[in-house]
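Residue numbers (the numbering used here): 741 to 1088. No residue lacks a Cβ here, since even glycine has one placed at the ideal position from N, Cα and C. The structure under discussion appears below in the form of structure tokens.
Put into structure tokens, the structure is as follows:
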């Protein structure tokens, strides 16, 4: 690839169809040199050599594109770090072997996130391991990891059930074509060290009730709230009352789930006992009509309903992800669904 360079405000501008700027002190030429140094060049025969060279070029172009962005998602100074160089070499080699562009983009997202880690930490080591493990997974396993991650480990903001279902469609449905419920797929995820299939289970309705009870409950009456606390009504709970989003003849608390409710109560009155908070929120969970709720979701979005049915009829409900599985799932969710949340929330 032919490129032109010029000084640009302390960085280096390159022309690759359009101008891009690398701001962090390592030039595009140096990046390419580093990638060539850390890649073990094999001797390929004829057509294989041509394919390998095309894939090397594709990988390098995408790396340059990612690191030229000024959105803070990558730091080119990481190219000076031997550990980063080794990880980069592993990723480049694995893409050349597979030629899978979806894998390439997932790896590059992990690499960009890894470039922000300046110290040897659990997060940097997890991302290094994710680069090694991701190429061993098919797109079925990677889609499965992302589905478990987004449904079990992420709580999305939403104001009502319709908004929540729309959010599920945006984040879950791009994964659906690649999701499989084969037992061998779950076993393979476990064998690759990305998660485990456990004895306990989390059915879809349980996750929905725990994460989004405030959007799914049918509410309760003023009399029910009074009866719950015969010693006297609690001001903080009264302050958080709103008209129920699903039944305007009832009331509910203005919170998406128990954790959000507890945080809101503590801001009003930090002296309230946790047992009383749990007891108050139980009014919401007790009002959830589970089977009706699942029917409503399936009616409004048949494809989301199908995904929840797949969850309940397979080992998805038994699957727990570890840090490496979450790192891969997070990167793939960013690629497929444009999911946007910092990895730091799940991996410290």
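- Just checking, does the segment 920-930 make contact with the segment 868-886 on the three C-beta pairs under 8 Å criterion? yes
- Is the segment 1032-1048 close to the segment 893-911, with three or more CB pairs under 8 Å? yes
- Query: With DSSP run on the structure shown, which of helix, strand or coil describes residue 993?
  - Reply: strand
- Query: Can you tell me the Cα-Cα spacing of residue 1073 and residue 991, whole angstroms?
  - Reply: 36 Å
- Burial state of residue 866 (16 or more Cβ within 10 Å): buried
- Task: Just grab the DSSP bridge partners of residue 936 for me.
- Result: 1060
- Beta-ladder partner(s) of residue 982, from DSSP: 992
- Task: Evaluate residue 972 with the Cβ neighbour count: other Cβ atoms within 10 Å of its Cβ, from every protein chain shown; 16 or more gives buried, anything less gives exposed.
- Result: exposed
- Are residue 880 and residue 918 closer than 9 Å when you measure CB to CB? yes
- Rounded separation between residue 941 and residue 1057 - CA only: 5 Å
- Query: By Cβ distance, which residues of its chain are closer than 8 Å to residue 958, with the 5 residues on each side in sequence left out?
  - Reply: 984, 986, 987, 990, 1027, 1028 and 1029
- Helix, strand or coil for residue 926 per DSSP? helix
- Message: Using C-beta distances below 8 Å, list every residue in its chain close to residue 966, excluding the 5 sequence neighbours before and after it, in chain order.
- Response: 973
- CB residue 796 to CB residue 832, shorter than 9 Å? yes
- Would you kindly work out how many angstroms separate the C-alpha atoms of residue 780 and residue 883, rounded to a whole number? Here the model assigns residue 780 a pLDDT of 48, short of 50, so the residue's position is not dependable, and the following value carries that caveat. Cα-Cα distance, rounded: 30 Å.
- For residue 901 versus residue 1068, is the C-beta distance shorter than 9 Å? no
- Note down the Cα distance separating residue 792 from residue 1055, rounded to an integer number of angstroms. 38 Å
- Report the rounded CA-to-CA distance for residue 871 versus residue 848, giving the unit in angstroms. 9 Å
- Message: What does the alpha-carbon distance come out to for the pair residue 841 and residue 1050?
- Response: 27 Å
- Task: Could you tell me the distance, in whole angstroms, from the CA atom of residue 1008 to the CA atom of residue 976?
- Result: 6 Å
- Message: Quick check for students: name the residue ranges of the alpha helix (DSSP H) that lie wholly in the segment 825-865, counting only runs of 4 or more.
- Response: 841-855
- Task: Assign residue 774 to buried or exposed, taking buried as 16 or more other Cβ atoms, counted over all protein chains shown, within 10 Å of its Cβ.
- Result: buried
- For residue 819, does the three-state DSSP call read helix, strand or coil? helix
- Item | Contact with chain B by residue 810, beta-carbon distance below 9 Å | The question asks about chain B, but that chain is absent: this structure has only one protein chain.
- Per DSSP, what kind of secondary structure is residue 887 in: helix, strand or coil? helix
- Task: Sort 932, 844, 808 and 788 by Cα distance to residue 766 and report the nearest one.
- Result: 808
- Contact between the segment 889-904 and the segment 853-860 (3+ Cβ pairs under 8 Å): no
- Message: Just to confirm the assignment, what range does the alpha helix (DSSP H) spanning residue 1090 have?
- Response: No answer is possible for residue 1090: the residues shown for the chain start at 741 and end at 1088.
- Message: Check for me: the alpha helix (DSSP H) holding residue 1014 runs from which residue to which?
- Response: 1014-1025
- So, using beta-carbon positions, are residue 945 and residue 1034 closer together than 9 Å? yes
- Query: Thinking C-alpha only, which one of 850, 810 and 837 is nearest residue 1075?
  - Reply: 850
- Message: Taking 8 Å as the limit between beta carbons, can you name the residues of its chain near residue 994, skipping five residues before and five after?
- Response: 954, 980, 981, 982 and 1004
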